[in-house]
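Beneath this line is the structure, given in structure tokens, with notes to follow.
Chains as they are written, first to last, in this note's numbering: chain P, 1 to 231; chain C, 232 to 512.
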């Protein structure tokens with residue numbers, strides 16, 4: 001885990017200097033987990049997973065379990081892809097990367113604040129499942145401290161408090177931040193962080209742009225001192 | 232089949248205070264400290280005891296289309312033997328040719344011996360989480376009753392044959408397998424010490440001491456839900472958070488995940504003490 005955090009941080013720090021690639025090979029993620037050490041085959045597991053849930057459609061199963069290229073490699077290698085596998089993942093994930101139609105990677109930070117806090121979305125298979133008509137949230141606080149006034153953050157990812165204050169709002173920083181949220185695995189092959197953009201994941205490109213602004217904007221509470229009242 | 236627990240719905244906040252039901256309102260340590268104080272105050276009164284009492288009646292009552300009791304249900308130690316049964320489950324059963332959990336085994340007896348309809352028992356039977364919280368299921372009452380008959384004993388689950396070994400390996404594979412819309416595995420959250428998720432400390436289920444402490448408290452009375460929750464239910468909730476669908480009771484994955492975790496608990500001498508009591512689950 002410590003390695004993982006260091007990797008995540010070093011990628012973040014070097015991103016502005018355009019040095020991503022040097023760090024990608026070292027980006028294996030012990031906490032991201034492989035298959036344990038078993039004699040079970042992926043086929044056997046897929047059969048069990050298919051039969052153990054009331055899948056509404058075969059597509060639902062394919063999308064959620066039958067691995068995409070990336071997770072297949074991450075699972076097989078215990079989060080430690082070799083150089084060739086890293087190439088495969090990065091190529092695949094870069095091909096998934098999409099941007100808002102208007103080309104703006106920096107959206108509305110107030111909306112981003114709402115998406116970052118929200119935990120709605122993607123729950124399936126029961127009467128009270130998440131309504132797809134309602135916008136999804138990213139539940140960022142599950143893993144990150146962000147707005148210092150928000151109670152009860154997680155520590156599975158690095159603190160993002162003062163993110164914009166520390167890093168500034170340069171074009172490369174905006175692009176890096178957007179891409180990290182849209183598809184963490186396009187930057188760190190087996191990142192523990194969920195991929196938020198694209199089919200089967202929770203956010204739209206516009207929402208990712210809003211969260212990007214929430215992290216970077218000088219007026220966002222992320223980059224302001226904590227309010228006294230919250231203490 | 233399903234009873235409303237209306238009295239508990241209003242009683243819970245009054246009995247336990249609403250601060251406990253707001254999961255993310257305080258820092259974990261504050262909230263857990265408050266809860267410890269409640270747990271001590273509640274030492275003599277655990278609403279989960281009602282599930283055990285009702286489960287005992289249900290177990291011995293003649294029920295279902297075939298009008299028989301569960302006294303013929305073999306939970307691994309012979310027909311009708313409940314004492315110590317939970318402490319040695321999941322295990323392989325010859326008659327079904329499967330490894331089964333207590334919950335799955337009881338379900339099987341309700342279906343095959345009493346003639347109940349399996350779908351009726353296991354389908355998501357509520358229209359909302361609020362309705363689910365207010366519903367007391369026969370199966371959960373039965374699980375609570377039988378589990379409590381192992382109180383004082385540590386888990387002693389063994390892998391004695393190929394089926395059990397395979398189910399264990401499957402559980403391990405599944406535990407480490409990233410999947411769902413969030414790219415997560417159980418191990419992402421439950422295999423590294425010191426992780427906190429949105430203010431909640433995550434138990435390391437691959438650590439025997441932790442697994443022993445956590446598993447000996449299930450089935451547990453969960454104050455937030457004012458309901459008793461089983462190990463199956465707990466795993467299912469995390470699968471839902473990973474954006475997987477509802478898990479089927481007694482499915483191979485249910486059995487495998489249960490067996491993988493209970494093997495860790497079986498390395499300890501922590502005695503089973505159910506119903507546990509928890510602020511949330």
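Positions of the beta carbon are idealized from the N, C-alpha and C atoms, including for glycine.
Only a predicted model underlies this, so the values are computations on that prediction, with no experimental measurement involved.
Residue i: contacting residues in chain C (beta-carbon distance under 8 Å)
i	result
residue 45/P	401, 404, 405 and 408
residue 65/P	410, 411 and 475
Cβ neighbours of residue i in the same chain (closer than 6 Å, five flanking residues each side left out)
i	result
residue 111/P	210
residue 22/P	Here residue 22/P scores only 29 on pLDDT, less than 50, and its place in the model should not be relied on; the value that follows carries that caveat. Closer than 6 Å at the Cβ level, and outside the excluded window around residue 22/P, lies no residue.
residue 422/C	437
residue 353/C	480
residue 47/P	none
Proximity test, Cβ basis, 8 Å: residue i and chain C
i	result
residue 137/P	no
residue 96/P	no
residue 23/P	With a pLDDT of 31 at residue 23/P, under the threshold of 50, the modelled position of that residue is not reliable, and the figure given next carries that caveat. So no, residue 23/P is outside the interface.
residue 177/P	no
residue 142/P	yes
residue 222/P	no
residue 151/P	yes
residue 81/P	no
Residue i and residue j closer than 8 Å at C-beta
i	j	result
residue 200/P	residue 381/C	no
residue 338/C	residue 480/C	yes
residue 383/C	residue 502/C	yes
residue 445/C	residue 335/C	no
residue 156/P	residue 203/P	no
residue 121/P	residue 429/C	no
residue 365/C	residue 448/C	no
residue 500/C	residue 424/C	no
residue 404/C	residue 494/C	no
residue 462/C	residue 371/C	no
residue 344/C	residue 314/C	no
residue 406/C	residue 420/C	no
residue 45/P	residue 401/C	yes
residue 145/P	residue 166/P	no
residue 49/P	residue 484/C	yes
Beta-carbon neighbours of residue i, restricted to chain P and to distances below 8 Å
i	result
residue 324/C	Correct list: empty, because the minimum Cβ distance to chain P is about 18 Å.
residue 487/C	48
Cβ neighbours of residue i in the same chain (closer than 8 Å, five flanking residues each side left out)
i	result
residue 206/P	100 and 107
residue 190/C	The structure shown does not extend to residue 190/C, since chain C spans only 232 to 512, so no value can be given for it.
residue 396/C	390
residue 471/C	477
residue 63/P	199 and 200
residue 387/C	318, 319 and 497
residue 141/P	116, 117, 150, 152, 153 and 154
residue 225/P	148
residue 85/P	73, 77 and 189
Proximal chain C residues relative to residue i, where beta-carbon distance stays under 7 Å
i	result
residue 200/P	412
residue 75/P	408 and 409
residue 40/P	400, 401 and 404
residue 195/P	414
Proximal chain P residues relative to residue i, where beta-carbon distance stays under 7 Å
i	result
residue 511/C	Those do not exist, as residue 511/C stays about 12 Å from chain P at its closest Cβ, beyond 7 Å.
residue 427/C	154 and 155
residue 471/C	123
Any C-beta of chain P under 8 Å from that of residue i
i	result
residue 497/C	no
residue 256/C	For residue 256/C, the pLDDT reaches just 34, beneath the cut-off of 50, and the residue's location in the model is therefore unreliable, leaving the point undetermined.
residue 430/C	yes
residue 474/C	yes
residue 249/C	Any reading at residue 249/C must be qualified, since the residue scores a pLDDT of 30, below 50, and its modelled position is unreliable; no value is offered.
Cutoff 7 Å; reference residue i; Cβ partners in own chain excluding five residues on either side
i	result
residue 105/P	99, 174, 175, 178, 209 and 212
residue 221/P	147 and 149
residue 196/P	138, 181, 182, 202, 203 and 208
residue 415/C	409 and 473
residue 469/C	417
Within chain P, the residues that residue i reaches when beta carbons sit closer than 9 Å
i	result
residue 482/C	48, 51, 52 and 53
Chain-ordered chain C contacts of residue i [CB-CB under 9 Å]
i	result
residue 71/P	408, 409, 410 and 414
Check: residue i C-beta below 7 Å from any heavy atom of the ligand ADP
i	result
residue 181/P	With respect to the ligand ADP, the structure offers nothing, as it holds no ligand at all.
message: Could you tell me which whole alpha helix (DSSP H) segments of length 4 or greater appear in the segment 317-380 of chain C?
response: Segments of the alpha helix (DSSP H) lying fully in the segment 317-380 of chain C: 333-343, 349-353, 360-364 and 369-379.
task: Return the chain-ordered ranges of every alpha helix (DSSP H) run that is complete within the segment 401-432 of chain C and spans a minimum of 4 residues.
output: 417-421
field: Continuous alpha helix (DSSP H) assignments of at least 4 residues falling wholly in the segment 91-167 of chain P
entry: 109-117 and 163-167
Inside the segment 275-310 of chain C only - alpha helix (DSSP H) runs reaching at least 4 residues: 280-291
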